[in-house]
Amino acid sequence: MLKARKRGEEWKGAAEQKSVSEFLRGTREGRIPIQEPTIFLFPSENQESRTERMGIEIQHKINNGDDTTAVAAVAPVILGLQPSALVDHVATVDLSLLSRIPGEPGGSFPVAVEELKFVLGEVNAHIVASPETTSSLKTIAGGSVANTIRGLAAGFGITCGIIGACGDDDQGSLFIDNMSFYKVDLSRLRLKNGSTAQCVCLVDELGNRTMRPCLSSAVKIQCIKTNTNSISLVQWLVLRYAIFNIEVIQAAIKIAKQEGVSVSLDLASFEMVRKFRLPLLQLLESGSIDLCFANEDEAAELLRDEENAADPESALEFLAKHCQWAVVTLGAKGCIAKHGKEVVRVPAIGESKAVDATGAGDLFASGFLYGLVQGLSLEECCKIGSCSGGSVIRSLGGEVTPENWQWMYKQMQTKGLPVPEPHNVVL
1 MLKARKRGEE WKGAAEQKSV SEFLRGTREG RIPIQEPTIF LFPSENQESR
51 TERMGIEIQH KINNGDDTTA VAAVAPVILG LQPSALVDHV ATVDLSLLSR
101 IPGEPGGSFP VAVEELKFVL GEVNAHIVAS PETTSSLKTI AGGSVANTIR
151 GLAAGFGITC GIIGACGDDD QGSLFIDNMS FYKVDLSRLR LKNGSTAQCV
201 CLVDELGNRT MRPCLSSAVK IQCIKTNTNS ISLVQWLVLR YAIFNIEVIQ
251 AAIKIAKQEG VSVSLDLASF EMVRKFRLPL LQLLESGSID LCFANEDEAA
301 ELLRDEENAA DPESALEFLA KHCQWAVVTL GAKGCIAKHG KEVVRVPAIG
351 ESKAVDATGA GDLFASGFLY GLVQGLSLEE CCKIGSCSGG SVIRSLGGEV
401 TPENWQWMYK QMQTKGLPVP EPHNVVL
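The letter at position 365 of the sequence shown is residue 365 when you use UniProt numbering, and the numbering goes up by one with no holes.
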């Protein structure tokens with residue numbers, strides 16, 4: 001069972017009190033070597049010595065420096081694959097700024113390092129020029145998969161882990177400190193020489209977000225393998241569609257299916273679907289995706305060559321033809337979902353005021369997956385997803401505040417949904 005932890009608690013080493021940040025500084029100064037062997041996605045019990053040492057060392061620091069707990073004591077129920085750890089730079093801006101940055105407003109598409117610097121420069125200048133209509137830049141651990149995994153661990157008490165890599169820089173330190181606070185298993189997170197990925201999240205007056213991630217110079221995992229005799233308690237592998245890491249994603253899916261682990265896929269953004277639609281269709285039609293999440297813009301791009309491309313119900317039928325569970329989120333109109341022959345439509349949580357839509361789909365996935373793990377009905381999964389998605393949009397960024405988790409629990413209780421036990425969650 002996941003034990004509650006008070007904010008501000010430190011990690012204690014064998015000889016002195018050290019934080020993960022100090023551990024990372026040791027690697028940058030050369031006192032702690034960085035190694036990069038292959039990740040074992042589902043390592044067997046006798047395979048610990050073959051697992052990448054840096055993942056174990058990171059986990060060691062999180063588990064109070066006790067060698068007997070160098071790998072998390074409770075095996076993850078859900079693993080998230082995010083090849084590159086990422087931090088978000090979030091700010092509220094007006095529409096005039098969005099017209100000056102690369103790409104379309106409202107989507108998420110990778111930019112180069114120079115473009116990232118340009119966007120950050122524009123944001124900082126905009127904040128100085130218009131302090132009455134903008135917010136300061138907020139930097140937090142992010143990434144779609146990380147948001148979902150953190151939500152599951154923090155708000156629902158589900159034991160989770162992250163597969164990926166982070167750089168030995170301040171951004172990597174921030175990512176590790178944040179995830180470890182919520183007891184996310186980091187034994188599969190690799191530490192590498194280089195930069196951690198970054199993303200600028202621009203939020204307009206209506207709460208809509210425009211995202212520009214910079215992944216080109218960031219460290220990432222290159223290879224995933226498994227042992228044929230491995231035994232895993234993992235139930236779900238959580239993925240986000242990304243053409244730039246497609247080989248790693250495909251390898252992880254293959255391993256998951258061999259291990260009997262279900263696969264969840266988020267379609268990422270309408271821009272990603274539009275530009276790389278063919279490989280996405282091939283992935284869906286392979287039958288290896290068990291659960292697929294799409295918002296209405298992504299759904300429209302998925303069927304853009306069809307007469308009924310703008311019809312979310314048609315996209316739902318297409319996804320359900322290839323996946324056991326299919327979900328299309330509709331923003332303020334709620335969501336529609338299908339499992340087998342059952343189709344449900346669930347309204348959005350009307351009591352939630354949208355400050356920032358960043359992470360809404362990610363946290364919807366957290367709630368939906370929690371429902372599946374608990375064996376709940378399709379409608380209940382959607383309702384919990386709506387509650388958790390509604391909780392994150394009440395404040396800036398993709399991390400739910402303790403106050404908004406309490407708001408979510410109240411919503412769930414009002415609707416007769418099972419609320420996670422208090423001793424399981426981390427607030």
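Here a beta-carbon is modelled for each residue, glycine too, at the ideal position from N, C-alpha and C.
Since the model is a prediction, treat every value here as computed from it, not as a measurement.
Check: Counting pairs of Cβ atoms below 8 Å between the region 376-395 and the region 353-361, do you hit three or more?
Finding: Cβ pair count under 8 Å is three or more, so yes.
Check: Of all the CB atoms in chain D, is at least one closer than 8 Å to the CB of I393?
Finding: Of the protein chains in the structure, only one exists, and it is not chain D.
Margin query: I'd like the ranges of any alpha helix (DSSP H) spanning at least 4 consecutive residues and lying wholly in the region 257-286.
Written below: 270-275 and 277-285
Check: Run through DSSP, which three-state label would T68 get?
Finding: One-based indexing of the sequence shown puts residue 68 at position 68. For T68, the predicted model reports a pLDDT of 35, less than 50, meaning its position is unreliable and no value from the coordinates is stated.
Notebook entry, point to check: Of the residues V419, R277, F276 and L86, which one's Cα is nearest the Cα of L174?
Noted result: Start at 1 with the first residue of the sequence shown, and residue 174 comes out as number 174. Nearest of V419, R277, F276 and L86 to L174, Cα basis: L86.
Next item on the list: Kindly list the residues whose CB is nearer than 8 Å to the CB of V113, restricted to its own chain and excluding five residues on each side of it in sequence; keep chain order.
Entry: As a working note, residue 113 is residue 113 in the sequence shown. Once the five neighbours on either side are set aside, the close Cβ partners of V113 are C214, S216 and S217.
Checklist line | Element boundaries [beta strand (DSSP E), containing R150] | finding: The residue you call residue 150 lines up with position 150 of the sequence shown. No beta strand (DSSP E) holds R150; the alpha helix (DSSP H) holding it covers S144 to F156.
Note to self: Between the alpha carbons of residue 461 and K225, how many angstroms are there, rounded?
What the structure shows: One cannot answer for residue 461 here, as it falls past the ends of the chain, which runs 1 to 427.
Item checked: Start-to-end residues for the alpha helix (DSSP H) that takes in V219 -> On the sequence shown, residue 219 is found 219 positions in, with the first residue counted as 1. No alpha helix (DSSP H) holds V219; DSSP gives it neither H nor E.
Next item on the list: Could you work out which residue in V234, G164 and G121 is closest to V74 when comparing CA atoms only?
Entry: For the purposes of this step, residue 74 is identified with residue 74 of the sequence shown, where counting begins at 1. Selected option, being the one with the closest Cα: V234.
Next item on the list: Report the three-state DSSP secondary structure of I374 (helix, strand or coil).
Entry: Taking the first residue of the sequence shown as position 1, residue 374 is located at position 374. The amino acid at residue 374 is misidentified as Ile; the sequence shows Gln. Q374: coil per DSSP, three-state reduction.
Next item on the list: Confirm, please, whether the CB-CB distance from V203 to T92 is below 8 Å.
Entry: Within the sequence shown, residue 92 is the residue found at index 92, counting from 1. Within the sequence shown, residue 203 is the residue found at index 203, counting from 1. Taking 8 Å as the Cβ cut-off, T92 and V203 qualify as a contacting pair.
Item checked: Cα-Cα separation between A197 and D88, rounded to whole angstroms -> Taking the sequence shown and counting its residues from 1, one reaches residue 197 at position 197. Taking the sequence shown and counting its residues from 1, one reaches residue 88 at position 88. For A197 and D88, the distance between alpha carbons rounds to 9 Å.
Next item on the list: Name the residue from L81, E104, H339 and F109 whose alpha carbon lies nearest to the alpha carbon of N147.
Entry: For the purposes of this step, residue 147 is taken as residue 147 along the sequence shown, with counting starting at 1. It is L81 whose Cα lies nearest to the Cα of N147.
Check: From S96 to D297, what distance separates their C-alpha atoms?
Finding: If you number the sequence shown from 1, residue 96 lands on position 96. If you number the sequence shown from 1, residue 297 lands on position 297. Going from the Cα of S96 to the Cα of D297 covers about 23 Å.
Next item on the list: State the DSSP-derived secondary structure class of residue 431, mapped to helix, strand or coil.
Entry: An answer regarding residue 431 cannot be provided, because it is not within the stretch 1 to 427 covered by the chain.
Note to self: Can you look up Q235 in the DSSP assignment and give me helix, strand or coil?
What the structure shows: Here residue 235 refers to the residue found at position 235 when the sequence shown is read from its first residue. It is coil, neither helix nor strand.
Margin query: Tell me which residue opens and which closes the beta strand (DSSP E) that I78 is part of.
Written below: Within the sequence shown, numbered from 1, the residue matching residue 78 stands at position 78. I78 to S84 is the extent of the beta strand (DSSP E) around I78.
Check: Helix, strand or coil for E317 per DSSP?
Finding: Residue numbering aside, residue 317 sits at position 317 when the sequence shown is read from its first letter. DSSP places E317 in helix when its eight states are reduced to three.
Next item on the list: Output the distance between the C-alpha atoms of L303 and E313, rounded to the nearest integer angstrom.
Entry: Numbered from its first residue, the sequence shown carries residue 303 at position 303. Numbered from its first residue, the sequence shown carries residue 313 at position 313. Distance between the alpha carbons of L303 and E313 is about 11 Å.
Note to self: I'd like to confirm the pairing. Which residues does DSSP put opposite V200 in its beta bridges?
What the structure shows: Along the sequence shown, one-based indexing puts residue 200 at 200. V200 is bridged to H89 and R212.
Checklist line | Span separating the alpha-carbon of D266 from that of W236 | finding: Indexing the sequence shown from 1 puts residue 266 at position 266. Indexing the sequence shown from 1 puts residue 236 at position 236. Each residue's Cα considered, the two are about 13 Å apart.
Notebook entry, point to check: Thinking C-beta only, is C160 closer than 8 Å to P76?
Noted result: Along the sequence shown, one-based indexing puts residue 76 at 76. Along the sequence shown, one-based indexing puts residue 160 at 160. Taking C-beta atoms as the reference points, P76 and C160 count as a pair closer than 8 Å.
Next item on the list: Note down, in chain order, each residue of its chain lying with its Cβ closer than 7 Å to the Cβ of residue 466, except the 5 sequence neighbours on either side.
Entry: One cannot answer for residue 466 here, as it falls past the ends of the chain, which runs 1 to 427.
Checklist line | CA-to-CA distance, G416 to T51, given in whole angstroms | finding: Numbered from its first residue, the sequence shown carries residue 51 at position 51. Numbered from its first residue, the sequence shown carries residue 416 at position 416. Residue confidence for T51 is low, a pLDDT of 38 falling below 50, so the modelled location carries little weight; the figure read from the coordinates is stated next. Approximately 43 Å, taken between the alpha carbons.
Notebook entry, point to check: Is I140 helix, strand or coil by DSSP?
Noted result: Position 140 of the sequence shown, counted from the first residue, corresponds to residue 140. Per DSSP, reduced to three states, the secondary structure at I140 is strand.
Notebook entry, point to check: Rounded to the nearest angstrom, how far is the Cβ of C201 from that of R209, given a contact under 8 Å?
Noted result: What you label residue 201 is simply residue 201 of the sequence shown in a count that begins at 1. What you label residue 209 is simply residue 209 of the sequence shown in a count that begins at 1. Yes, C201 and R209 are in contact; Cβ-Cβ is about 5 Å, under 8 Å.
Note to self: From the DSSP secondary-structure annotation, give me the bridge partner or partners of R345.
What the structure shows: If you number the sequence shown from 1, residue 345 lands on position 345. R345 is bridged to I336.
Notebook entry, point to check: Thinking C-alpha only, which one of I289, S269, W325 and R345 is nearest A332?
Noted result: What you label residue 332 is simply residue 332 of the sequence shown in a count that begins at 1. Checked all of I289, S269, W325 and R345; the closest Cα to A332 is R345.
Margin query: For the structure I just gave you, are there three or more beta carbon pairs, one from the region 118-128 and one from the region 248-263, closer than 8 Å?
Written below: no
Item checked: Sequence-distant residues of the same chain with beta carbon closer than 7 Å to R274, five excluded per side -> Stepping through the sequence shown from its first residue, residue 274 is reached at position 274. These residues qualify, in order along the chain: E301.
Next item on the list: State the beta-bridge partners of K323 as determined by DSSP.
Entry: Position 323 of the sequence shown, counted from the first residue, corresponds to residue 323. This sequence places Cys at residue 323; Lys is not what is there. In DSSP, C323 forms no bridge with anything.
Checklist line | Separation of L372 from G142, as counted between CA atoms | finding: The count along the sequence shown starts at 1 and reaches residue 142 at position 142. The count along the sequence shown starts at 1 and reaches residue 372 at position 372. Rounded to the nearest angstrom, the two C-alpha atoms are 24 Å apart.
Notebook entry, point to check: Who pairs with N295 in a beta bridge, going by DSSP?
Noted result: By one-based count along the sequence shown, residue 295 stands at place 295. Note: N295 sits in a beta bridge opposite T329.
Next item on the list: Enumerate in chain order the residues of its own chain whose CB-to-CB distance from V343 is below 8 Å, with the five nearest sequence positions on each side excluded.
Entry: On the sequence shown, residue 343 is found 343 positions in, with the first residue counted as 1. The beta carbon of V343 sits closer than 8 Å to those of L316, I336 and A337, all from its chain and outside the five residues before and after it, given in chain order.
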